[in-house]
Amino acid sequence: MAASFDELPESMRAARRWLLWREEPSDSKSRKVPFYTTGVHRHGQLDTAVDTNSLATFDDAVAVLAAGGYTGLGFALGADGTGNYWQGIDFDDVPNRPALQLLAEDLPGYVEASPSGRGIHAIGYGKEFAPAGSNGSGIEAYSRGRFFTVTGEGAGLGEPTCLADHVELVLRPIHRAHASQPSVSVTRGEAVTPQQVAELRSALASIRADDRQVWIENGQRLRSLGDVGRELWISWSQTSDKWRPADARTWDTLDGSQTSFRAVFAAAQAAGWVNPMSSASAMPAIAANDDMPSLKEIDLSALLTASLSPPGFVIEPLIPRRVVTLLGGHGGLGKTMLALVICAHVAAGRGWGPFAIEQGRAVFVSLEDDAPIILFRLRAIIDEYSLPADEVRANLRIFDGTDIAPELMVPHGAGGVVTMRETPLLGVVSEAVQGADLTIIDNASESFGGNANDPMQVKAFLRRLKAIAMRNDAGLVLLAHVDKASAKNGAQGNSYLGTAAWHNSARSRLALVKDDNGPMELRHEKSNLAAKAQPILLQQARNGVLVPADGGGSRESAEALIAAADADAVYGVLVHAINAGLTVTAATAGPSTAWHVLASLPELGPQYRNHDGKRRVQAALVKLSRDGRIIRAEFKKPDRHTGTRWELPQRAADIAA
1 MAASFDELPE SMRAARRWLL WREEPSDSKS RKVPFYTTGV HRHGQLDTAV DTNSLATFDD
61 AVAVLAAGGY TGLGFALGAD GTGNYWQGID FDDVPNRPAL QLLAEDLPGY VEASPSGRGI
121 HAIGYGKEFA PAGSNGSGIE AYSRGRFFTV TGEGAGLGEP TCLADHVELV LRPIHRAHAS
181 QPSVSVTRGE AVTPQQVAEL RSALASIRAD DRQVWIENGQ RLRSLGDVGR ELWISWSQTS
241 DKWRPADART WDTLDGSQTS FRAVFAAAQA AGWVNPMSSA SAMPAIAAND DMPSLKEIDL
301 SALLTASLSP PGFVIEPLIP RRVVTLLGGH GGLGKTMLAL VICAHVAAGR GWGPFAIEQG
361 RAVFVSLEDD APIILFRLRA IIDEYSLPAD EVRANLRIFD GTDIAPELMV PHGAGGVVTM
421 RETPLLGVVS EAVQGADLTI IDNASESFGG NANDPMQVKA FLRRLKAIAM RNDAGLVLLA
481 HVDKASAKNG AQGNSYLGTA AWHNSARSRL ALVKDDNGPM ELRHEKSNLA AKAQPILLQQ
541 ARNGVLVPAD GGGSRESAEA LIAAADADAV YGVLVHAINA GLTVTAATAG PSTAWHVLAS
601 LPELGPQYRN HDGKRRVQAA LVKLSRDGRI IRAEFKKPDR HTGTRWELPQ RAADIAA
């Protein structure tokens, strides 16, 4: 496979992790032998200071490759000195492994094809994890001691994000269980069937994971199930806003000696849970297993003469019709409030921020907040925006599902195969939203009763929601919790609830984001049907109502606010770099610009690490200079030539004195 490096992420280009490799024959199959750009074979003890210092810049490695003598570029995994690690996932012989083909669709990070075209690599950046070596499963994962070939071709591309959680929660259980068994043996001689696992998942979904005592008790109850219990417990734990990846370590402190997994059923029944598997035969499947699937051929005969309609939108380009839009954010930011704001504006036919809105019928299905809270928020929205209350009442319907089992679909095990089945509530919701232009479901953690880390279950759920949207020619928005780190980073790790299928199956993705010291933004992070909207800066008005920060929502004002926020963010990282003794050059071109220096620091946010982020950093530096917050200062380079760098005014004055 020919290599092309045009789409490589800037963060990888800026990292000094590059080497070369040469394909050399061996007894069984050819080997990929790594070399430093000096021509020295890379071997022996890796990840030492000597090894790391021998790695090259991207430009140097490309130049040596172009001179000939090597097969391709390589990228070294391992620690980079900031406390973070370059990570990698390797899928081997994917065309002959159907299971890996499905998993490959959900790989996070920078994803590309291997040199042979038969494998897939993902490269990420974040915390260290234990290696998953070759064991015949076709899955390997490392955060040190390896290098990955780089082709820039194929699979999916993307930005390097932390792979650790995906490795631990999704891949490691599969890697460990390569020699699969018909049932799962547990430590006390018990065994659980696939149907029991599905029933446990449904029971856990009826119990809130916010209370620590309940969280520990369910961990104890599941402890005897080994890895199966751990996966159930962690998936359930992630439904709480309090969940942090480090909480997974608590599992190793549990012993479970005084209880068993059956106690989960008792606790769920006490909370009002009814086992959906007991009446599963009464619930229609999405498609019967013995139905013959069919494909509909699209008639192309009138392609050039027919009048074809462009994609429709409820709010262009945020919420397209006939597909699912995902709105995510950390708990407490105001996703529900924002969703109600959107519903009220659609019902009233009033524009919001920079977006024109045509009046339509809206339905809000609340599975988390009860009627008094919803009504209080809606009244506050009408008052704050001066919306016509009569029109809002006429065109908005709100349904409260907080006092019933909220799952719209649940897993069902039959013959060792787990599929997703509709609950009666899904039929009720389908009828309730009939004829609506906009449907909002609050939220995914309540309405989805399956395993959030299982791509097949997630896709089945989102396909069913899409069918509802298509039937009504409506926009359908699903609210989703993300953990605080994902929310802060704009969920760039595709970490909505679990598998990246949440991200991949949604045609539009919105994120409500607030950095520690920055403004709140509504970011349009994915759009398959139109160009993405610019970020909308938001602020809280009376009673927590979210309003555009510029009042009128003009694009000019929004861009000015974003520029000011960029300047503040870049200034903070610049101060950190200067105080750490780094030279932040004022050069705007070449391999050593200010952006390259700042991008090497973990303090620079992920929104500034791509091509557009580089432009925003440069614009922020210009603004900071014009505002007098930073100044250009000359300095002597090691080669005694004079260079120009950015300095803080007071620091420059102190140096001059």
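If you read the sequence shown in this note's numbering, its first letter stands for residue 1, the second for the next number, and so on. Glycine included, C-beta positions come from ideal geometry on N, C-alpha and C.
How would you label residue i, buried or exposed, when you count the other beta carbons within 10 angstroms and need 16 or more for buried?
i, result
"Gln220", "buried"
"His641", "exposed"
"Val363", "buried"
"Asn443", "buried"
"Ser235", "buried"
"Val40", "exposed"
"Phe448", "buried"
"Pro638", "exposed"
"Pro95", "exposed"
"Val617", "buried"
"Gly158", "buried"
"Pro98", "exposed"
"Glu7", "exposed"
"Gln101", "exposed"
"Pro320", "buried"
"Val111", "buried"
"Ala177", "exposed"
"Pro25", "exposed"
"Ile342", "buried"
"Ser11", "buried"
According to the Cβ coordinates, are residue i and residue j closer than 8 Å?
i, j, result
"Gly329", "Ala511", "yes"
"Asn395", "Gln434", "no"
"Pro108", "Thr161", "yes"
"Trp251", "Arg230", "yes"
"Asp92", "Trp86", "no"
"Trp18", "Phe35", "no"
"Leu326", "Lys335", "no"
"Leu378", "Gly401", "no"
"Leu648", "Ile536", "no"
"Ile174", "Ser137", "yes"
"Arg538", "Trp646", "According to the sequence shown, residue 538 is Leu rather than Arg. Against a cut-off of 8 Å, the Cβ pair of Trp646 and Leu538 comes out as no contact."
"Gln238", "Ala452", "yes"
"Lys526", "His503", "yes"
"Pro115", "Thr82", "no"
"Asp210", "Ala500", "no"
"Leu462", "Ala405", "no"
"Leu77", "Phe148", "yes"
Output the boundary residues of the alpha helix (DSSP H) element that contains residue i.
i, result
"Lys636", "Unbroken run through Lys636 is the beta strand (DSSP E), Ile631 to Lys636; no alpha helix (DSSP H)."
"Gln618", "His611 to Arg626"
"Trp595", "Ala594 to Ala599"
"Ser260", "First-last for Ser260: undefined, no H or E at that position."
"Pro455", "Pro455 to Asn472"
"His503", "Ala501 to Ser505"
"Gly219", "Arg212 to Leu222"
"Ala14", "Glu10 to Ala14"
What are the boundary residues of the beta strand (DSSP E) that residue i is part of?
i, result
"Thr442", "For the sequence presented, residue 442 should be read as Asp rather than Thr. First-last of the beta strand (DSSP E) with Asp442: Leu438 to Asp442."
"Lys514", "Ser508 to Lys514"
"Gln101", "Segment Pro98 to Ala104 is the alpha helix (DSSP H) holding Gln101; no beta strand (DSSP E) there."
"His524", "Met520 to Ser527"
"Arg208", "Neither: Arg208 is in no beta strand (DSSP E) and is coded neither H nor E."
"Glu540", "Per the sequence presented here, residue 540 reads as Gln, with Glu not at that position. Looking at the DSSP string, the run of the beta strand (DSSP E) that includes Gln540 is Ile536 to Gln540."
"Ile174", "It is not in any beta strand (DSSP E) - Ile174 instead sits in the alpha helix (DSSP H) that spans Arg172 to Arg176."
"Leu479", "Gly475 to His481"
"Ile120", "Ile120 to Gly126"
"Leu687", "Since the first and last residues shown for the chain are 1 and 657, residue 687 lies out of range."
"Glu112", "Tyr110 to Ala113"
"Leu659", "Absent from the model: residue 659. The displayed extent of the chain is 1 to 657, so no value can be given."
"Pro591", "Segment: none, Pro591 is in no beta strand (DSSP E) and carries neither H nor E."
At least 3 beta-carbon pairs within less than 8 Å: the region 452 to 471 vs the region 297 to 312: no
Contiguous alpha helix (DSSP H) assignments of at least 4 residues, all confined to the region 28 to 71: 49 to 54 and 58 to 66
Sufficient close CB pairs (3 or more, under 8 Å) joining the region 601 to 615 to the region 624 to 636: no
At least 3 beta-carbon pairs within less than 8 Å: the region 464 to 482 vs the region 254 to 272: no
Alpha helix (DSSP H) runs contained entirely in the region 385 to 429, provided each spans 4 or more residues: 389 to 395
Cβ contact check for the region 155 to 174 and the region 43 to 60: 3 or more pairs under 8 Å: no
At least three beta-carbon pairs within less than 8 Å, the region 313 to 327 to the region 528 to 546: yes
Inter-stretch contact at 8 Å, needing at least 3 Cβ pairs: the region 422 to 440 / the region 386 to 394: no
Cβ contact (3+ pairs, closer than 8 Å) linking the region 575 to 583 and the region 591 to 603: yes
Alpha helix (DSSP H) segments (min. 4 residues) lying fully within the region 324 to 373: 335 to 348
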